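Here's the structure, in structure tokens; my notes come after.
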Amino acid sequence: MINISKETKNKEFKKLLLGLIVIGVICISLFSGCTQKTEGLPIVLVGRDSTSGTREFFFSHVMNSENFSETLQEKNSNGGIYQTISQTPGAIGYVGLGFLNTDVKALKINNISATVANVLAGTYPISRDLYMFTKGEATGAAKEFIEYIQSSNGQAIVEEEGFVPLVDSQPYNSSGKTVTGSLKIGGSTTVFPIAEKAKESFSKIYSDVSITISSTGSGAGITAVGQDTVDIGMSSRDLKSSESSLGLVKYIIAKDGIAIIVNPENTYVDTLTLEQLKAIYKGDISNWNEFI
Amino acid sequence: MSRRLPRFLHFFISLKKIKETSIKTIFFLTAISSIIIIFSIIYFLFQDGYSIFQTAGLWEFLSGSRWYPTGTPPLYGAFPLIVGTLLVTFGAMVIAIPLSIGSAIFISEIASPKMRAIIKPAIELLAGIPSVVYGFFGLIVLTTWLRIGFNQPSGESWLAGSILLGIMAIPTITSVAEDAISSVPKEYKEGSLALSATRWQTISKVIVPSAFSGITAAIILGMGRAIGETMAVMMVCGNPTYGLIPTPITNVFAPIKTLTATLGIEMGEVATGSDHYHALFGIALLLLVITLIVNIIATVILNRLKEKYTSSSKKRFKLRYETNQKIKRYFFWVMILIIIGVLYVAVGVLITISLLVVAGICYYLNKKISAKNIQRIAFTALFSAIVLVLIFLGIILSYIIFNGAGALNWGFLTEWPSNLGRSGGIFPAIVGTFYLVGGALFIALPLGVGAAIYLNEYTREGRVTKIIRAGADLLNGTPSIVFGLFGFAFLVLYLKMGISLLAGQITLAFMILPTIIRTTEEALKSVPQILREGSLALGATKWQTIKKVVLPPAAPGILTGAILGIGRAAGETAPIMFTAVVVSGFIPSSLFDSVNALPFHLYMLATSVPDSRAQQAGTALVLLLVVIGFYLIAILLRNHYKKTMKW
Numbered sequence: 043m044i045n046i047s048k049e050t051k052n053k054e055f056k057k058l059l060l061g062l063i064v065i066g067v068i069c070i071s072l073f074s075g076c077t078q079k080t081e082g083l084p085i086v087l088v089g090r091d092s093t094s095g096t097r098e099f100f101f102s103h104v105m106n107s108e109n110f111s112e113t114l115q116e117k118n119s120n121g122g123i124y125q126t127i128s129q130t131p132g133a134i135g136y137v138g139l140g141f142l143n144t145d146v147k148a149l150k151i152n153n154i155s156a157t158v159a160n161v162l163a164g165t166y167p168i169s170r171d172l173y174m175f176t177k178g179e180a181t182g183a184a185k186e187f188i189e190y191i192q193s194s195n196g197q198a199i200v201e202e203e204g205f206v207p208l209v210d211s212q213p214y215n216s217s218g219k220t221v222t223g224s225l226k227i228g229g230s231t232t233v234f235p236i237a238e239k240a241k242e243s244f245s246k247i248y249s250d251v252s253i254t255i256s257s258t259g260s261g262a263g264i265t266a267v268g269q270d271t272v273d274i275g276m277s278s279r280d281l282k283s284s285e286s287s288l289g290l291v292k293y294i295i296a297k298d299g300i301a302i303i304v305n306p307e308n309t310y311v312d313t314l315t316l317e318q319l320k321a322i323y324k325g326d327i328s329n330w331n332e333f334i
Numbered sequence: 116m117s118r119r120l121p122r123f124l125h126f127f128i129s130l131k132k133i134k135e136t137s138i139k140t141i142f143f144l145t146a147i148s149s150i151i152i153i154f155s156i157i158y159f160l161f162q163d164g165y166s167i168f169q170t171a172g173l174w175e176f177l178s179g180s181r182w183y184p185t186g187t188p189p190l191y192g193a194f195p196l197i198v199g200t201l202l203v204t205f206g207a208m209v210i211a212i213p214l215s216i217g218s219a220i221f222i223s224e225i226a227s228p229k230m231r232a233i234i235k236p237a238i239e240l241l242a243g244i245p246s247v248v249y250g251f252f253g254l255i256v257l258t259t260w261l262r263i264g265f266n267q268p269s270g271e272s273w274l275a276g277s278i279l280l281g282i283m284a285i286p287t288i289t290s291v292a293e294d295a296i297s298s299v300p301k302e303y304k305e306g307s308l309a310l311s312a313t314r315w316q317t318i319s320k321v322i323v324p325s326a327f328s329g330i331t332a333a334i335i336l337g338m339g340r341a342i343g344e345t346m347a348v349m350m351v352c353g354n355p356t357y358g359l360i361p362t363p364i365t366n367v368f369a370p371i372k373t374l375t376a377t378l379g380i381e382m383g384e385v386a387t388g389s390d391h392y393h394a395l396f397g398i399a400l401l402l403l404v405i406t407l408i409v410n411i412i413a414t415v416i417l418n419r420l421k422e423k424y425t426s427s428s429k430k431r432f433k434l435r436y437e438t439n440q441k442i443k444r445y446f447f448w449v450m451i452l453i454i455i456g457v458l459y460v461a462v463g464v465l466i467t468i469s470l471l472v473v474a475g476i477c478y479y480l481n482k483k484i485s486a487k488n489i490q491r492i493a494f495t496a497l498f499s500a501i502v503l504v505l506i507f508l509g510i511i512l513s514y515i516i517f518n519g520a521g522a523l524n525w526g527f528l529t530e531w532p533s534n535l536g537r538s539g540g541i542f543p544a545i546v547g548t549f550y551l552v553g554g555a556l557f558i559a560l561p562l563g564v565g566a567a568i569y570l571n572e573y574t575r576e577g578r579v580t581k582i583i584r585a586g587a588d589l590l591n592g593t594p595s596i597v598f599g600l601f602g603f604a605f606l607v608l609y610l611k612m613g614i615s616l617l618a619g620q621i622t623l624a625f626m627i628l629p630t631i632i633r634t635t636e637e638a639l640k641s642v643p644q645i646l647r648e649g650s651l652a653l654g655a656t657k658w659q660t661i662k663k664v665v666l667p668p669a670a671p672g673i674l675t676g677a678i679l680g681i682g683r684a685a686g687e688t689a690p691i692m693f694t695a696v697v698v699s700g701f702i703p704s705s706l707f708d709s710v711n712a713l714p715f716h717l718y719m720l721a722t723s724v725p726d727s728r729a730q731q732a733g734t735a736l737v738l739l740l741v742v743i744g745f746y747l748i749a750i751l752l753r754n755h756y757k758k759t760m761k762w
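These protein sequence lines map, in sequence, to chains A and B. Positions 43 to 334 (the working numbering) are the ones given, in order, by the first sequence. Positions 116 to 762 (the working numbering) are the ones given, in order, by the second sequence.
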């Protein structure tokens, strides 16, 4: 071993320290280089995945079938969009009315706020029907379940979940009916909460029926009912021409408005016109400060 | 033999022979099952995927710059998805390689036995955390940190995915690299130390270079794992529609869409049989091919390594030492130039120059500082690597434990979910998970143990065993989402099982098969040859020997493998997402009912049910406890078994 005197050791230590300081300074400068302040509040676009009924509706009614901006982030459920919006100050997204809550702020469209009353009155511009499909006319448990949802009992659930009920529905009459067996339901993530809640009370009337509900998206629901893998397909859009050959029967179970939501911290806008909304989703407007 | 056997005994002997042969045949069949599975995966992916190569064209599919299958006209350009996958993997490797190799060196060379006894299981626990729990943590915590810390509009980005994948790859790389380092012959180390080299000099100049190819294989295996990972990436990367190549490409805060995330998001919603459906299978095929190539490279390297240490008879062509050095030097400078070029493009002139200056200073200091101080610095660096890994583990675990403990009570475990899981418990998900893993084990255990017995007891090392092992290795490297797609195409649609418990069990069984084969083989190998020879010499048949002599002492080892398999199956989401699970909470009454499972329940809560934060954390905690519980039992069992082994 080589003997090293105390002095050289100290010198070495100083050099070492110096080196470490230089490295530290450069790391910090690199780090701060990455964290440059941005002007205003950049818009983060959030939307549904490409097979969603909500997205297809949005695409045809708001975008007029023009392409979305490339930066649109995809979530595969309404809840996913909601989650991101509530966490991200600059984000904007679209969800069914039923998903509105205090963690997000719903924007007015053409100065009309997204409420059940406005959808019923027909003044809120972005609204649509919600569907259930069966292969051929509904029979047995499927028939009763759909009747139950369409009844005033079911429509109460629809309203409770924040959707828009059908007009003049009758109370459900279960007298003299027995429903047994199993019922498989699958499809739209928008319709899912209605079906899930309806299942809870439906099972109370008919205790012998077992219902399984999966939330996979409108496209998958329609495909599944066409292939007989489920008994009822839920959908937030009507059949497309390519699906018309499946032999499905359509039941409208509720109406839904599509709410445009932003983070509550976003103080730049409260209302948008359809044109502005389209411009945002096309990427022509990329920062919220353009609205000042 | 002098006396002839009575005639009727011949019959029994031939009967015995028939029995032995048929047993051997059964084992052979179980052994080739993994090959059959891997080929049927390829077949079904190809069958469902090739039509997209016809409609879109193979070259357009690979090089098209937009992924928009539902547009008019539909665009099937997978190129941005491939780039996304590569970028995320690259970032993950930048994080994982230094940390895991540092940890591997620290564990095998520096840590005291006591420390090792703590650190090693801790890193193995990191491997036990289910990917959906990583995703949950990433979605709720990491993306928020990134967004606020770097003042970005959104934290869902390439960087978030890379960090998560990096952490997830650490255990894989560390354990394989550690094996490679500890298999370096002791003489090398002793020789170096005897020449008065310091421990660090020994490590950096002797041990690591000798273990180099093993470490490379470890990195490649880690890469394979990162490429195939679905859930975590899908939850934190943002998934821009069309797939987006970040501009500039070094923008780590850009959202990114990977091959696996595309499958995870779109597969559940796509109309079966449409062009889009076929395009997704094309993507899966692409993913499978990429991971297969990566894994084959790793396997080849590891096999060479084995040959190098076991047989010295094969002499390879070797360059002269001087030429070798020259090539190395040229290679070194070329690499430096490339790195400078990349830096220049990426971060600009100023930072590149300053980095060069720092590198120069370090180099200069390196020459000036005594070996002892260098060792001190190096050991500190290694130590900080392992500390960082443990901190990651600590942060994730403590977040989930502190947030989940509040939701955890008896009712949460035993009640049915209501209001979409916002209230009530997770009982059906727990039961569903146990049904799924129980069934998976029931299918995989006989197949896996049978295959291992055939490989270890009935054949000599040769072409057959090589092919079978390769099959198991490939199966091991197949991304879990690919299993999911295969299960959907083969079990759910082709065999018409529907989204059912059985389809999920079979899919999971295929996935854990390689784990069981490998651990069983290890257990069988640890039974000394003398015991078998003794038994055979006493006139026992092969099957009797296996049944009475080999299997009993190997049983704990096999059990360990089975439990590891259960742990892995319990935490997986991607394979069951399209084959077995649905959101609704109920307990299946037959094998053809669908189920709910903990990882899927967590995924749905985290991504689809707002206002359920407590339930999310609670579910994550229960899932973590279940999976880590299994891993812990396996680790303890293995350690106990190692200690109590008499031979």
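Backbone N, C-alpha and C define an ideal beta-carbon position, used for all residues, glycine too. Note that the structure is predicted; figures quoted are calculated from it, not measured.
Would you call residue i buried or exposed, if buried means 16 or more other Cβ atoms sit within 10 Å of its Cβ?
| i | result |
| --- | --- |
| H391(B) | buried |
| R170(A) | buried |
| K226(A) | buried |
| E344(B) | buried |
| F557(B) | exposed |
| G192(B) | buried |
| W315(B) | buried |
| H393(B) | buried |
Between residue i and residue j, what straight-line distance do the alpha-carbon atoms span, to the nearest angstrom?
| i | j | result |
| --- | --- | --- |
| G553(B) | T574(B) | 31 Å |
| Y208(B) | A670(B) | Tyr is not the amino acid found at residue 208(B); the sequence shown has Met there. For M208(B) and A670(B), the distance between alpha carbons rounds to 37 Å. |
| D708(B) | V221(A) | 19 Å |
| V348(B) | V200(A) | 35 Å |
| Y478(B) | I156(B) | 51 Å |
| P714(B) | G353(B) | 20 Å |
| D280(A) | G228(A) | 15 Å |
| Q440(B) | I453(B) | 20 Å |
| L717(B) | M450(B) | 45 Å |
| L160(B) | T362(B) | 33 Å |
| Q212(A) | F187(A) | 14 Å |
| K739(B) | T438(B) | In the sequence as displayed, the identity of residue 739(B) is Leu instead of Lys. One C-alpha to the other measures close to 54 Å. |
| L752(B) | F745(B) | 11 Å |
| G299(A) | E116(A) | 20 Å |
| I128(B) | G672(B) | 34 Å |
According to DSSP, which residues form a beta bridge with residue i?
| i | result |
| --- | --- |
| I212(B) | For I212(B), which the question treats as bridged, DSSP gives no partner whatsoever. |
| L403(B) | Partner(s): none; L403(B) has no beta bridge. |
| A148(A) | I303(A) |
| K340(A) | What the structure shows of chain A is the stretch from 43 to 334, and residue 340(A) is not part of that stretch, so it cannot be assessed. |
| V449(B) | Beta-bridge pairing links V449(B) to no other residue. |
Hey, is residue i's beta-carbon within less than 7 Å of any beta-carbon in chain C?
| i | result |
| --- | --- |
| I380(B) | This model lacks chain C altogether; the protein chains it does include are A and B. |
*In chain order, which alpha helix (DSSP H) runs of at least 4 residues are fully inside the stretch 235-288 of chain A?*
Taking only runs of at least 4 residues, the alpha helix (DSSP H) segments lying wholly in the stretch 235-288 of chain A are 260-268.
*According to a CB-to-CB cut-off of less than 8 Å, which residues of the stretch 518-533 of chain B neighbour chain A?*
Considering only beta carbons, the part of the stretch 518-533 of chain B lying closer than 8 Å to chain A consists of S533, in chain order.
*In chain order, which continuous runs of the alpha helix (DSSP H) of length 4 or greater are located wholly inside the stretch 496-560 of chain B?*
Counting only runs of 4 or more, we get 525-529.
*Please go through the stretch 673-747 of chain B and give each complete beta strand (DSSP E) segment of 3 or more residues, from N-terminal end onward.*
List check, beta strand (DSSP E) in window: nothing returned.
_the stretch 253-265 of chain A: positions lying closer than 8 Å to chain B by Cβ_ = Residues are counted here when their Cβ sits less than 8 Å from a Cβ of chain B; for the stretch 253-265 of chain A these are I253, T254, I255, S256, S257, T258, G259, S260, G261, A262, I264 and T265, given in chain order.
*Which residue spans inside the stretch 270-316 of chain B form an unbroken alpha helix (DSSP H) run of at least 4?*
The stretch 270-316 of chain B contains these whole alpha helix (DSSP H) runs: 273-297 and 301-309.
*Got a sec: which bits of the stretch 131-142 of chain A sit with their beta carbon under 8 Å from any beta carbon on chain B, in order along the chain?*
Under the 8 Å Cβ criterion, the stretch 131-142 of chain A contributes P131, G132, A133 and F141.
*asked:* Along the stretch 109-133 of chain A, where does the CB come closer than 8 Å to a CB of chain B? Name the residues.
replied: Result list: N109, F110, E112, T113, L114, Q115, E116, K117, N118, S119, N120, G121, G122, Y124, Q125, T126, S128, Q129, T130, P131, G132 and A133.
_List, from N- to C-terminal side, the beta strand (DSSP E) runs of 3 residues or more that fit wholly inside the stretch 350-381 of chain B._
Qualifying beta strand (DSSP E) stretches: none in this window.
*Residues in the stretch 536-549 of chain B with C-beta within 7 Å of chain A's C-beta atoms, listed in sequence order?*
Within the stretch 536-549 of chain B, no residue has a Cβ that lies closer than 7 Å to any Cβ of chain A.
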